[in-house]
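In our numbering, the protein residues as written are 3 to 171. I have placed the structure first, in the form of structure tokens, so that the comments after it can refer back to it.
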């Protein structure tokens, strides 16, 4: 029977293509960049400027969710210390901002953002596809294993609901 680590590696190599075309890499990098944080700040600013009850709740849920998620994410990443695939088995297409891979911060943030936005603005539920794309792009760039993005998605989704619950009090 295969271990989780072996299955994770196998899934990684199904998603990572070291011979990806320049056009494909450009798109993958662009999707990944959407998870760097600027989009979240932009939407937060829009929520502030729109100034409706719903937009205020969404903004508060995002701020609360990220305020709790980021420290937990950093704690887990620096406690678990899982090496990135780009440090051990492949040459990645981007240089990661830190050494460790579990959990994926891009995935966690993307899912927190997407869940909160979908909760308050169901008409924008397509942002869930953005969260999927950002998460998968991290594996396709060679900086995360699939389990890293799955744990990130679980973490982000959980803290989205912490933010949503906290905003409702």
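Here a beta-carbon is modelled for each residue, glycine too, at the ideal position from N, C-alpha and C.
Between the segment 91-102 and the segment 119-138 there are fewer than three C-beta pairs closer than 8 Å, too few to call the two in contact. Excluding five sequence positions before and after residue 49, the CB atoms of its chain that fall closer than 6 Å to its own CB belong to 57, 60 and 61, given in chain order. Note that the segment 113-120 does not touch the segment 97-105; fewer than 3 beta-carbon pairs, one per stretch, sit closer than 8 Å. Around the C-beta of residue 146, 16 or more other C-beta atoms lie within 10 Å, and the residue is accordingly described as buried.
Burial state of residue 26 is exposed, judged by a 10 Å Cβ sphere holding fewer than 16 other Cβ atoms. Residues 10, 13, 14, 17 and 141 of the same chain have their beta carbon placed closer than 8 Å to that of residue 148, with the five preceding and five following residues left out of the count. Given a length threshold of 4 residues, the segment 58-87 has no whole run of the alpha helix (DSSP H) inside it.
Just so you know, the alpha carbons of residue 71 and residue 19 end up roughly 31 Å apart. Linking residue 101 to residue 86 through their CA atoms gives a straight-line distance of about 7 Å. The beta-carbon separation of residue 113 and residue 158, rounded to 3 Å, stays under the 8 Å limit for a contact. Between residue 155 and residue 42, the CB-CB gap reaches or exceeds 8 Å. Between residue 34 and the set 131, 84 and 45, the nearest pair of CA atoms involves 131.
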